[in-house]
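Q: Top to bottom, those sequences are chains A and Y.
Sequence positions in the first sequence follow the UniProt record's numbering and run 1 to 280.
Sequence positions in the second sequence follow the UniProt record's numbering and run 1 to 318.
For each residue, glycine too, the CB sits at the ideal point set by N, CA and C.
What follows is a structure written as structure tokens; I'll ask about it next.
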Amino acid sequence: MGAISGRERAAWLIGGLVIFVYALFPVAWIVSLSFKSPADLTNKKFLPTSFTKVNYEQILTGGAKDLFLPALRNSIGIALIATFISVILAMFCAYAIARLNFPGRRLILTTALAVSIFPVISIVTPLFNLWREIGLYDTWAGLIIPYLSLTLPISIWTLSAFFREIPWEMEQAAQVDGATSWQAFRKVIVPLAAPGVFTTAIIAFFIAWNDFVYGISLTSTNAARPVPAALAFFTGSSQFEEPTGAISAAAVIVTIPVVVLVLLFQRRIVAGLTNGAVKG
Amino acid sequence: MSTVTEPAPTQAAEPRRARTTDRARQERSLGWKLAGPAFVVMLAVTAYPIANALWLSLFDYRLTDPTNRRFVFLKNYVVILGDPIWWRAVGVTLLITVITVVVELVIGFGLALVMNKALSLIRPVLRTVILIPYAIITVVSAFAWQFAFSNTSGFVNDWFSFLPGISETTDWFGGFWSSLAVICASEIWKTTPFISLLLLAGLAQVPEEMQEAAQVDGATWWQRMYKVTIPNMKAAIMVAVLFRTLDAFRVFDNVFIMTAGAQGTETVSLLAYRQTITRVEIGMGSAVSVLLFLCVVLISFVFVKGFRINLAQARGEG
């Protein structure tokens, strides 16, 4: 495109600044809100006049503790287990799709695609009924199983895309040297595939962490209710007090792991998202 | 992974070699041993529930009154399709879908252009920050936008009170159009990054030589955009639009948090939720779920046939 003029340079810098503000403004707002004192919450200003920890105290040690802490534990446990199961299943599946010649590969990929466009709420109605009958309503397993419908398809697509880029000659070389398919897979491919598997796990975790529909429909108590659903049920410490501050503080806490993962692994996450979706 | 799955019988259509070698047979069996469990789980968590919903939708069945469960065949569907509540929900859902997808496509393309051309110094920063809205929980984003526009805690009324129609006391969630605007804004903020990342990947596939040739021939920036760039990334645009359309059509979290369907903002997903979970009308709720499912299938069908998208190819399976 030739040399970039000073004016063009300034234009792209401004464009970059716009993106920066666009992406972070609502986040900055909720962080600001979480540090406002109750008196500040209604002053209609963007920034707090003085910083206070009172909202964090309320959800971690105070009145909203019994609502927030169990929900946080549920969210972490359920999202991690669902991620783990779907990445393990998807790993074997994607390896087979990328590498082995067997009838049904297309069928599996098409099924994954169909499942990923499935309206979650359509699954909720029968599950709500079934889970009540067989006792999975309001349990961890009762959320982990439906979460697989969210995390498994994207894991299969993303991982197959990663696996296709692995230099498979090395595996063939191992097989020529007398290793079975299984040995070649375990000794040669697994280490090469680890970064892709890891990226897939992060994306699957984001999706499970984000779920709201299953969370509010298939739980009723602290036993399994995840954070996004619990946020919707927050109330103030008295009926005259809006729970705005407590919700903001809780929102900031559940956002921290997400932001940390993004900061650490942005390059991989972008590669994972776009590989699975556009390039293959 | 000891679960062995029988190969699906319909897949036997693949031309069979006269003598299947041991190695090929072993590969085939290993293929299904490895891929089978994921396949079975996917079917179990979706096909079974939707079949079950189809069955339940034929009953008059209220959870609080299980003894009066009666088979009513298609009556639930007749009731729903004859009810303005359903059509209103469909209309609102379509409105949200069209507004958000169009706006996201425009903004997403702009962001992708900037990221594509941004100086190498700030590119990593941009790629990081753009992921933050994508990764943030929708419910958190919904609360952030709700609080910002709220007339008790929000700064929006204060900042924009110089505009006609906005004052300190403007109640954004008191009317249909203003509620819808905030719902759409939140949805757009959260999901545009996904579109723009797909478009960025599409931009990277536009051949540089064609751009240069067009420039040498004296084409303006707009001409290059319309004649070279956009036609070359048609596949990426279509995939982005299809996925976002299907996603937007299922909109739930934002609406639930901000209005819970008040001011006529109830979407189809919210209607299904209300019938099933709030009113425990399992039969009626199942029928709404099935209809929502059919809408999503219809949208996919229109996209795949109407715009001739080869999804598998677009996703790299060509």
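Between Lys45 of chain A and chain Y, is the shortest Cβ-Cβ distance under 8 Å, so that the two count as touching?
A: So yes, Lys45 of chain A belongs to the interface.
Q: What residue does the alpha helix (DSSP H) around Val251 of chain Y start on, and which one ends it?
A: Unbroken run through Val251 of chain Y: none, as it is neither H nor E.
Q: Does Leu105 of chain Y get closer than 8 Å to chain A when you measure Cβ to Cβ?
A: no
Q: Would you identify the three-state DSSP class for Arg279 of chain Y, choosing helix, strand or coil?
A: coil
Q: Measure from the alpha carbon of Asn55 of chain A to the alpha carbon of each residue in A:Phe234, A:Leu264, A:Thr274, A:Pro26, then state which is nearest.
A: A:Phe234
Q: If you reduce the DSSP assignment to three classes, tell me which class Arg225 of chain A lands in.
A: Secondary structure at Arg225 of chain A: coil, using DSSP grouped into helix, strand and coil.
Q: Based on the DSSP secondary-structure assignment, which residues constitute the bridge partners of Phe59 of chain Y?
A: Y:Phe71
Q: Do you know whose CA, among A:Thr49, A:Lys53, A:Val270, A:Ile156, lies nearest Val41 of chain Y's CA?
A: A:Ile156
Q: Is the beta carbon of Leu152 of chain A less than 8 Å from the beta carbon of Ala51 of chain Y?
A: no
Q: Indicate whether at least one CB of chain Y lies closer than 8 Å to the CB of Leu60 of chain A.
A: no
Q: Please state the DSSP three-state secondary structure of Phe301 of chain Y.
A: Under the three-state reduction of DSSP, Phe301 of chain Y is assigned to helix.
Q: According to DSSP, simplified to helix, strand and coil, what is Phe102 of chain A?
A: coil
Q: So for Tyr273 of chain Y, helix, strand or coil by DSSP?
A: helix
Q: Just to confirm the assignment, what range does the alpha helix (DSSP H) spanning Pro119 of chain A have?
A: Taken as a continuous stretch (DSSP letters only), Pro119 of chain A belongs to no alpha helix (DSSP H), as it is neither H nor E.
Q: With a CB to CB cut of under 6 Å and the five nearest residues on each side skipped, what residues in its chain are close to Thr192 of chain Y?
A: Glu104, Ile107, Gly108
Q: Taking 8 Å as the threshold (C-beta atoms), are Thr97 of chain Y and Phe301 of chain Y in contact?
A: no
Q: Can you pull out the residues from the stretch 95–110 of chain A whose beta carbon lies closer than 8 Å to at least one beta carbon of chain Y?
A: Taking 8 Å as the Cβ-Cβ cut-off against chain Y, the residues of the stretch 95–110 of chain A that qualify are Tyr95, Ala96, Ile97, Leu100, Asn101, Phe102, Pro103, Gly104, Arg105, Arg106, Leu107, Ile108, Leu109, Thr110.
Q: With DSSP collapsed to three states, give me the class of Asp247 of chain Y.
A: Asp247 of chain Y: helix per DSSP, three-state reduction.
Q: I'd like the ranges of any alpha helix (DSSP H) spanning at least 4 consecutive residues and lying wholly in the stretch 65–113 of chain Y.
A: 75–81
Q: Assign Asp247 of chain Y to buried or exposed, taking buried as 16 or more other Cβ atoms, counted over all protein chains shown, within 10 Å of its Cβ.
A: Label assigned to Asp247 of chain Y: buried.
Q: Using a Cβ cut-off of 8 Å (strictly closer), state whether Tyr77 of chain Y contacts chain A.
A: So no, Tyr77 of chain Y is outside the interface.
Q: What residues in its chain sit with their C-beta under 8 Å from that of Phe160 of chain Y, if we drop five residues either side in the sequence?
A: Ile166
Q: What does Phe128 of chain A touch in chain Y if you count any residue whose Cβ is under 7 Å from its own?
A: Thr276, Ile277
Q: In terms of residues, what are the limits of the alpha helix (DSSP H) holding Arg268 of chain A?
A: 244–274
Q: Which residues in the same chain have their Cβ closer than 8 Å to the Cβ of Ala174 of chain A, if we skip the five residues on either side of it in sequence?
A: Gln183, Ala184, Lys187, Val188
Q: According to the neighbour-count rule (16 or more other Cβ atoms, all chains shown, within 10 Å of its Cβ), is Phe162 of chain Y buried or exposed?
A: exposed
Q: Looking at the structure shown, is Lys190 of chain Y part of a helix, part of a strand, or coil, going by DSSP?
A: Lys190 of chain Y: helix per DSSP, three-state reduction.
Q: Please report whether the beta-carbon of Leu159 of chain A lies at a distance below 8 Å from any beta-carbon of chain Y.
A: no
Q: Alpha carbon to alpha carbon, what distance is there between Gln172 of chain A and Ala12 of chain Y?
A: Per-residue confidence for Ala12 of chain Y stands at a pLDDT of 42, beneath the threshold of 50, marking its modelled position as unreliable; the derived number appears in the next sentence. Roughly 27 Å between the two C-alpha positions.
Q: Please list the partners that Leu89 of chain A has in chain Y, where partner means a Cβ-to-Cβ separation under 7 Å.
A: Pro37, Ala38, Val41
Q: Note the first and the last residue of the continuous alpha helix (DSSP H) segment covering Ala208 of chain A.
A: 190–210 is the extent of the alpha helix (DSSP H) around Ala208 of chain A.
Q: Put Ala204 of chain Y into one of helix, strand or coil per three-state DSSP.
A: coil
Q: Give the straight-line distance between the Cα atoms of Ala90 of chain A and Thr46 of chain Y, rounded to the nearest whole angstrom.
A: 16 Å
Q: Indicate the three-state DSSP secondary structure (helix, strand or coil) for Met42 of chain Y in the structure shown.
A: helix
Q: Exposed or buried, which one is Ser75 of chain A when buried takes at least 16 other CB atoms within 10 Å?
A: buried
Q: Three or more C-beta pairs under 8 Å: does that hold for the stretch 112–125 of chain Y against the stretch 176–184 of chain Y?
A: no
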